[in-house]
Structure formats: structure tokens, C-alpha cells
Amino acid sequence: MPCWLDEELIDHSRLLGHRQVTDAYLLALATANNGRFVTLDQSISVDAVRHAEARNLTVI
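All the letters of the sequence shown, read from the start, carry residue numbers 1252 to 1311 under our numbering.
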């Protein structure tokens, strides 16, 4: 399971604020399990998680 503190997984310079930490963690978790994170938050970027691809993130 990924750790949100892990610099190898999450690029903290891409997070705009503390509210994006949970979304970045969930995106990292989805990416690590070859899944998809679905969110209403339009401010999260796939670039915030290293190795994440567009297929790992869906913004509704």
C-alpha cells in the first residue's frame, strides 16, 4: 500500500494545498493497483502522482 509521504509516489510540488493530499493518496493507491480514481475535484492533476496515467484518473 502506498504511503502519502513517499516522494517516489507523490510529487508534492504538484499539490495545490492540504486538501489535495487525500486525493493524491487515493490516486496513488488506484495507480498501484492498476485501477481508476474517480472524483468530483477538478483541481487534482494526474501529474501529482508519479507513474499515474490519464486512465488512472476520472474527473466527473
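Ideal Cβ positions, reconstructed from N, Cα and C, are used throughout, including at glycine.
L1308 carries a strand assignment under DSSP once its states are collapsed to helix, strand and coil. Only residues of its own chain outside the window of five on either side were considered, and among them R1265 have a CB closer than 8 Å to the CB of S1296, listed in chain order. Remark: C-beta atoms of L1260 and A1279 approach each other more closely than 8 Å. Contact annotation: Q1271 and A1303 have beta-carbon atoms that are not nearer than 8 Å.
By the beta-carbon neighbour count (other beta carbons within 10 angstroms, threshold 16), D1292 is exposed.
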